[in-house]
Amino acid sequence: MSEPAVAERERLEDWLRRLVRTLLDGGGPVRTLLVATVTGRAATIRIDDVALRVSASAADGGIALSFDDPGAGAHDPALHTTGDALRAVIAGRRLLDAAIVSGDIALRAPLPDLLAFHELVMKTLALGPR
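Residue numbers (the working numbering): 218 to 347.
Right, here's the structure in full:
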């Protein structure tokens with residue numbers, strides 16, 4: 218992996234850790250649902266040209282993330298998108314559902330996992346930290 222690619226992957230890992238820490242620190246129903254939804258699961262995430270496999274495990278009432286090469290989880294649920302599409306959803310300029318329908322965000326997972334992900338995102342947007 219080239220030096221710029223390593224730096225981008227490290228930046229994505231750091232962003233995911235900060236996101237999870239922010240949601241956990243907020244407490245309440247978002248924290249409870251986050252822990253219940255992601256603990257014991259793994260997914261492959263690709264944003265622009267950066268891809269990694271992230272696994273979540275229980276740790277002291279929270280979540281510990283670990284990262285691998287994306288090939289390690291070829292059959293994991295997956296999220297593929299661009300940074301621009303993700304920023305538009307996070308900023309509230311675009312609905313998650315619209316980004317998925319248009320193909321700007323591609324999700325692949327069993328239906329129960331997709332429904333759990335949708336519930337987590339909607340609750341986070343409604344109740345999460347601002």
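For each residue, glycine too, the CB sits at the ideal point set by N, CA and C. Note that the structure is predicted; figures quoted are calculated from it, not measured.
Taking only three categories from DSSP, how would you classify residue i?
i      : result
Ala261 : Note on residue identity: the sequence assigns Thr, not Ala, to residue 261. Of the three classes helix, strand and coil, the one that applies to Thr261 here is strand, per DSSP.
Gly279 : strand
Thr354 : Any question about residue 354 goes unanswered here, given that the chain covers just 218 to 347.
Thr298 : strand
Asp231 : helix
Gly345 : coil
Asp242 : helix
Within this structure, are the beta carbons of residue i and residue j separated by less than 7 Å?
i      : j      : result
Leu303 : Arg234 : no
His297 : Arg263 : yes
Val247 : Leu344 : yes
Ala316 : Ile307 : no
For residue i, write down the residues that DSSP places opposite it in a beta bridge.
i      : result
Asp285 : Arg270
For the segment 304-343, which segments carrying the alpha helix (DSSP H) assignment without a break, of at least 4 residues, lie completely within its bounds, in sequence order?
-> The segment 304-343 contains these whole alpha helix (DSSP H) runs: 313-319.
Take every Cβ of the segment 329-345, pair it with every Cβ of the segment 250-262, and state whether three or more of those distances are shorter than 8 Å.
Yes, since at least three Cβ pairs between the segment 329-345 and the segment 250-262 fall closer than 8 Å, the two stretches touch.
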